[in-house]
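Peer 1:
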Amino acid sequence: MRAIVVNEFGGEIQPSERPKPEAGPGQIQIALEAAGVNPFDKKLIDGLLDGKVPYDFPMIPGVDGAGKVSAIGDGVRGFRVGDRVVGKFLVPPIGHGTWAEYIVVPENSTVAAIPDEVTAIQAAALPTAAITALDLVDAAGIVAGQSVLIVGAAGGVGSFLVQLAAGAGGNVIATARPDDTDRMVRLGAAEVVNYGVRVPASDSPEPARYEATIADQVRATHPGGVDVLFDLVDGPDQLRELTLLVREGGALYSTVWAADDTLLRSRRISGGNFESSGGAAQLARLLDLAAKGELVIPIDATPPLAAAGKVVGAPGARGKTVLVI
Ligand SMILES: NC(=O)c1ccc[n+]([C@@H]2O[C@H](COP(=O)([O-])OP(=O)(O)OC[C@H]3O[C@@H](n4cnc5c(N)ncnc54)[C@H](OP(=O)(O)O)[C@@H]3O)[C@@H](O)[C@H]2O)c1
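For the sequence shown, my numbering gives the first residue as 1188, with consecutive numbering after it.
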C-alpha cells in the first residue's frame, strides 16, 4: 500500500510502499480516504513519546483518519464491511498511523460512524482538534455571558473552540492575524484581537503604528479581566503575562503545558495544563453537530498524501489541513 514513512526520530517524511496490515481478532481494517494533520504528528515523529511508548520503524505517522471498513477480524460486533468511519488512532506501538491507504485498529478504539451529511475529508478534520476543543469547553463549564479569550484561535483547535465556546454562551475574544478577522467573526467571535500587525517602515507615507501585544489590547478593552483564557500556543513567558489578564477566580487552560500552577493558585485561577482525554462519545457528539449544520468544519487545505512532509508542522494554519489518500 502507499504510505508515508519516517525511518528514525526527526527523520525525513517520505512516501513509500508498505505491506497492507490485516485485521486480527477484535480489529477492523479501514481503507482510508482522508487523514488529518496535527502539530502532534510532528511531535510524535520527533520522538515526543520516546521511552514512554514503544515505536515501530519505519514509522507511518498520523493519528486522525476517515474511510470505509474494508475487513473485520474474528469477534468484531460493532462494525461491518462498508461502514463509513472516522477515528483518532494512537494505538501502541506507535508507527502504524493514518498516513497510509489502510490502517488496522481495535474496534473499541476512538472510532465513530460518519453521518451521511459529512464527507470523509470533513470527518478526518475533526478528531484531535475538535475533541480537544470540546474537552476544553466542557472542562471550563462556560456559562452565558462569560468573556472567553482564545489565543491561537485561527488554527485547528482554535477554529472549533471559537464556535463551541460561543455556542456555550461565551463572549469570545479571538486572536487572529488581520486577514483572518472576518472568518473569526463568522465562526462566532464577538471580538477579534489582531497580532502580527506590521509596523510600516519609517519612510512609509503611512503613519507609524504601534504593534500592541495581545495582552495590551485585551487589557484596554477588558480592564476587569477575562473570565476564561484558552491558550493554544504560548510558552511560559508569554503565558505568564496573559495570566494577569484573567480575573481572580477565573479559569485558564494551556494545551502546550506552559501554565505556572503556583501563579494560578495565587490568583485563585482554576484549570492549568490541559490534556485532552475525549474519545468515541465526544467524536460522535461532534459528528452529530456537524451533520445538523451546527458546527462548521474549517478546512484550510487538502493536499495529496505524498505532500505530508511539506505540510506537517507548517506555521500559518487557518483551520485544518487534511491529506487526501
Ligand atoms: N494538550 C492537548 O491535549 C492538545 C490537544 C491538541 C493540540 N494540542 C496542541 O495545541 C497546539 C495548537 O494546536 P492546533 O492543532 O490548533 O495547531 P495549529 O492548527 O497549527 O494552529 C495554531 C494557530 O496559532 C496561531 N498562532 C501561532 N502563534 C500565535 C501567537 N503568538 N498568537 C496567536 N496565534 C498564534 C497560528 O497562526 P500563525 O502561524 O499565522 O501565527 C495558527 O493559526 C499545538 O501545539 C498542539 O500540539 C494539545
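Using N, Cα and C, we set each Cβ at its ideal position, and we do this for glycine too.
None of these values were measured; they are calculated from a predicted model.
Since LEU1416 sits in a beta bridge, which residues does DSSP pair it with?
Peer 2: Along the sequence shown, one-based indexing puts residue 1416 at 229. LEU1416 pairs with LEU1336, LEU1439.
Peer 1: Have a look at VAL1272, PRO1280, GLY1342 and flag the residue whose alpha-carbon is nearest the alpha-carbon of THR1442.
Peer 2: To locate residue 1442, count along the sequence shown from 1; it is residue 255. Comparing Cα positions, the closest option is GLY1342.
Peer 1: I want to know whether the segment 1416-1430 touches the segment 1292-1304 - three or more CB-CB distances under 8 angstroms.
Peer 2: The segment 1416-1430, when compared against the segment 1292-1304, does not touch it at the 8 angstroms Cβ threshold.
Peer 1: What did DSSP end up calling THR1306 once you bin it into helix, strand or coil?
Peer 2: For the purposes of this step, residue 1306 is taken as residue 119 along the sequence shown, with counting starting at 1. DSSP places THR1306 in coil when its eight states are reduced to three.
Peer 1: On the DSSP bridge list, what partners appear for LEU1235?
Peer 2: One-based indexing of the sequence shown puts residue 1235 at position 48. None; LEU1235 has no bridge partner.
Peer 1: Grouping DSSP H, G and I as helix and E and B as strand, with all else coil, what is ASP1487?
Peer 2: Within the sequence shown, numbered from 1, the residue matching residue 1487 stands at position 300. If DSSP states are grouped into helix, strand and coil, ASP1487 belongs with the strands.
Peer 1: Between which two residues does the alpha helix (DSSP H) harbouring ARG1267 extend?
Peer 2: The sequence position of residue 1267 within the sequence shown is 80, counting from 1. Per DSSP, ARG1267 belongs to no alpha helix (DSSP H) and is neither H nor E.
Peer 1: Going by beta carbon distance, what residues of the same chain come within less than 8 angstroms of ILE1308, once the five residues before and after it are set aside?
Peer 2: What you label residue 1308 is simply residue 121 of the sequence shown in a count that begins at 1. Around ILE1308: GLU1220, ALA1221, ALA1253, ILE1486, THR1489, VAL1509, VAL1511.
Peer 1: Cβ-heavy atom distance between THR1368 and ligand 1 below 7 angstroms?
Peer 2: Here the question's residue 1368 lines up with position 181 in the sequence shown. No, ligand 1 has no heavy atom inside 7 angstroms of this Cβ.
Peer 1: Among the residues of its own chain, which have a CB less than 7 angstroms from the CB of VAL1268, if the five just before and after it don't count?
Peer 2: Walking along the sequence shown from the start, residue 1268 turns up at place 81. VAL1256, SER1257, ALA1258, ILE1259, listed in sequence order.
Peer 1: I'd like the list of long-range same chain contacts for VAL1483, defined as Cβ closer than 7 angstroms, with 5 residues on each side in sequence excluded.
Peer 2: Taking the sequence shown and counting its residues from 1, the one referred to as residue 1483 is at position 296. Around VAL1483: GLN1350, LEU1374.
Peer 1: Please find out if some non-hydrogen atom of ligand 1 comes closer than 7 angstroms to the beta-carbon of LYS1275.
Peer 2: Position 88 of the sequence shown, counted from the first residue, corresponds to residue 1275. LYS1275: no, Cβ never under 7 angstroms from ligand 1.
Peer 1: Any contact between the segment 1420-1436 and the segment 1450-1457? By contact I mean 3 or more CB pairs, one from each, below 8 angstroms.
Peer 2: Yes: at least three Cβ pairs fall under 8 angstroms.
Peer 1: Hey, ARG1507 and ALA1316 are a contact pair by Cβ (cut 8 angstroms); roughly how many whole angstroms apart?
Peer 2: Counted from its first residue, the sequence shown places residue 1507 at position 320. Counted from its first residue, the sequence shown places residue 1316 at position 129. Contrary to the premise, residue 1507 reads as Lys rather than Arg in this sequence. That pair is a contact at about 6 angstroms.
Peer 1: Ordered along the chain, which non-local residues of its own chain (more than five positions away) have a Cβ less than 6 angstroms from that of THR1368?
Peer 2: As a working mapping, residue 1368 is identified with position 181 in the sequence shown. Answer for THR1368: VAL1379, listed in chain order.
Peer 1: In three-state DSSP terms, what is MET1371?
Peer 2: Here residue 1371 corresponds to residue number 184 of the sequence shown, with the count starting at 1. Looking at MET1371 - three-state DSSP - the assignment turns out to be helix.
Peer 1: If you run the structure through DSSP and keep just helix, strand and coil, what is GLY1357?
Peer 2: On the sequence shown, residue 1357 is found 170 positions in, with the first residue counted as 1. The answer is coil: DSSP assigns GLY1357 none of H, G, I, E or B.
Peer 1: When you compare each of PRO1241, ILE1329, LEU1313 to PRO1280 by their alpha carbons, which one comes out closest?
Peer 2: Within the sequence shown, residue 1280 is the residue found at index 93, counting from 1. The option with the nearest alpha carbon to PRO1280 is PRO1241.
Peer 1: From the DSSP secondary-structure annotation, give me the bridge partner or partners of ARG1189.
Peer 2: To locate residue 1189, count along the sequence shown from 1; it is residue 2. ARG1189 is bridged to GLU1204.
Peer 1: Which first and last residues belong to the beta strand (DSSP E) in which THR1508 is found?
Peer 2: Taking the sequence shown and counting its residues from 1, the one referred to as residue 1508 is at position 321. 1507-1511 is the extent of the beta strand (DSSP E) around THR1508.
Peer 1: So, ILE1290 versus PRO1202, is the Cβ gap smaller than 8 angstroms?
Peer 2: Stepping through the sequence shown from its first residue, residue 1290 is reached at position 103. Stepping through the sequence shown from its first residue, residue 1202 is reached at position 15. Result no, Cβ atoms of ILE1290 and PRO1202 do not sit closer than 8 angstroms.
Peer 1: Terminal residues of the continuous alpha helix (DSSP H) containing LYS1497?
Peer 2: If you number the sequence shown from 1, residue 1497 lands on position 310. First-last of the alpha helix (DSSP H) with LYS1497: 1495-1498.
Peer 1: Please check the pair ALA1300 and ARG1264, which I expect to be a contact at CB under 8 angstroms, by giving their CB distance rounded to whole angstroms.
Peer 2: One-based indexing of the sequence shown puts residue 1300 at position 113. One-based indexing of the sequence shown puts residue 1264 at position 77. Not quite, the Cβ-Cβ distance comes to about 14 angstroms (not below 8 angstroms), so this is no contact.
Peer 1: Using 7 angstroms as the cut-off, classify the Cβ of LEU1419 as near or not near the heavy atoms of ligand 1, replying yes or no.
Peer 2: In the sequence shown, the residue the question calls residue 1419 occupies position 232. For ligand 1, at least one heavy atom lies less than 7 angstroms from the Cβ of LEU1419.
Peer 1: What does the alpha-carbon distance come out to for the pair TYR1397 and GLN1425?
Peer 2: If you number the sequence shown from 1, residue 1397 lands on position 210. If you number the sequence shown from 1, residue 1425 lands on position 238. Low confidence applies to TYR1397: its pLDDT is 49, below 50, so where it sits in the model is not reliable enough to give any reading.
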